[in-house]
Every structure is written in structure tokens, then in C-alpha cells.
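Read through the structure below, which is laid out as C-alpha cells, and then see the notes.
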Amino acid sequence: MDFRFAHRQRVRFGETDLQGVVYYANYLLFAEVGRIAYLRELGVVYDRDLLAHGVDFTIGEASVRYQAPLRFDDEYDIKVRMGEIRHSSWTLEYAIDRADGKHCADASTIQVMIDRKSGRAIRIPAELRETLERARGA
13 MDFRFAHRQR VRFGETDLQG VVYYANYLLF AEVGRIAYLR ELGVVYDRDL LAHGVDFTIG
73 EASVRYQAPL RFDDEYDIKV RMGEIRHSSW TLEYAIDRAD GKHCADASTI QVMIDRKSGR
133 AIRIPAELRE TLERARGA
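Just add 12 to the spot in the sequence shown (first one is 1) and you have our numbering.
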């Protein structure tokens, strides 16, 4: 399964470390930027479709595998695709590639649906599940 969604960004100076490369933890921030852009592309508006209904999601697991560095002012794409969808969680997979095509990192996050009041895991709401399933099948 290939990546059909990509969100272009540029490395800012403050995202780099003393070695002149993107600080490792910032790749999870890149995943967050990609996640929100991807959900928006799917028609999911965070506050309207989740928060207004008393639900939210939290990150239950996150991982990054680094392949090549990104440096200040590099343009890069955050590619996102739908992974496994379970009862109360779903996986997003990411590829972070420099604009010249060099593959820099793979990442994944598991989003867990929660009730905003109790903080407990809940089933993915039906409408959101349908959207996620459509994205998985695309």
C-alpha cells in the first residue's frame, strides 16, 4: 500500500540541534502536523467532529525509525496513510521524505478514542469509523 497523501513542510532553524540536523523528537511533531492535515483532508475537523461531541483521541503509542537526516531549510513531505483500525484505536503510518526524494524516517502512531470527561477508552464513533475505513480502502 502506497502513500496517497503528502503534506509539504520546510525545516525551521529551531527544529535543529547542535549537530545541524533535525532534533530526533521533532519527528513526532512532524507526525502530528501530518496527522492533523491528513484528517482535515479526510473531512474530519478536530473541534467540530470530535471535541464538540465529547470525544477526543490520545496517542497510545508512537515510534520513529530514522534513515537519513533533515537539515535547516530542507523541504520535506510528511506522507500519511491509514493502518489497522480496531474497536477503540487506529494506526497511522508516516514516511518523511526530503523533497528530492531521499527517505528520512518512518513513523507510526496509535490513536486511542477517549471520552473527554472520564478519559476512558471508548469505541470509535460510527461516522468517524466510516471515514477511517474509507481512507483505509482507498
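Just so you know, even glycine gets a beta-carbon here, dropped at the ideal spot from N, CA and C. This structure is a prediction, so every number in the text was calculated from the model and none was measured.
Beta-carbon contacts of residue i that lie in its chain and below 7 Å, excluding the five residues immediately before and after
{"i": "Glu-27", "result": "Val-34, Tyr-35 and Asn-38"}
{"i": "Val-45", "result": "His-19, Gln-21 and Ile-90"}
{"i": "Asp-109", "result": "Tyr-88, Asp-89, Lys-91, His-115 and Cys-116"}
For residue i, three-class secondary structure by DSSP
{"i": "His-115", "result": "strand"}
{"i": "Ala-147", "result": "helix"}
{"i": "Leu-63", "result": "helix"}
{"i": "Phe-17", "result": "strand"}
{"i": "Tyr-35", "result": "coil"}
{"i": "Arg-98", "result": "coil"}
Opening and closing residue of the alpha helix (DSSP H) in which residue i lies
{"i": "Tyr-50", "result": "38-53"}
Proximity test, Cβ basis, 8 Å: residue i and chain E
{"i": "Val-76", "result": "Of the protein chains in the structure, only one exists, and it is not chain E."}
Inter-residue spacing [alpha-carbon to alpha-carbon] between residue i and residue j
{"i": "Asp-118", "j": "Val-124", "result": "20 Å"}
{"i": "Tyr-88", "j": "Arg-52", "result": "19 Å"}
{"i": "Arg-148", "j": "Ser-75", "result": "20 Å"}
{"i": "Asp-68", "j": "Lys-114", "result": "34 Å"}
{"i": "Leu-63", "j": "Gly-55", "result": "15 Å"}
{"i": "Ala-80", "j": "Val-23", "result": "14 Å"}
Cut-off 6 Å between Cβ atoms - residues of its own chain near residue i, not counting five sequence neighbours on either side
{"i": "Arg-77", "result": "Asp-118"}
{"i": "Leu-40", "result": "Ala-74"}
{"i": "Tyr-50", "result": "Phe-17 and Val-92"}
{"i": "Phe-25", "result": "Phe-84"}
Start and end residues, beta strand (DSSP E) containing residue i
{"i": "Ser-101", "result": "101-110"}
Cβ shell of residue i (< 8 Å), same chain only, five flanking positions each side left out
{"i": "Ala-111", "result": "Arg-20, Asp-86, Glu-87, Tyr-88 and Asp-89"}
Cβ distance (whole Å) where residue i is taken to contact residue j below 8 Å
{"i": "Leu-104", "j": "Arg-47", "result": "6 Å"}
{"i": "Ile-134", "j": "Ile-126", "result": "6 Å"}
{"i": "Met-94", "j": "Leu-144", "result": "6 Å"}
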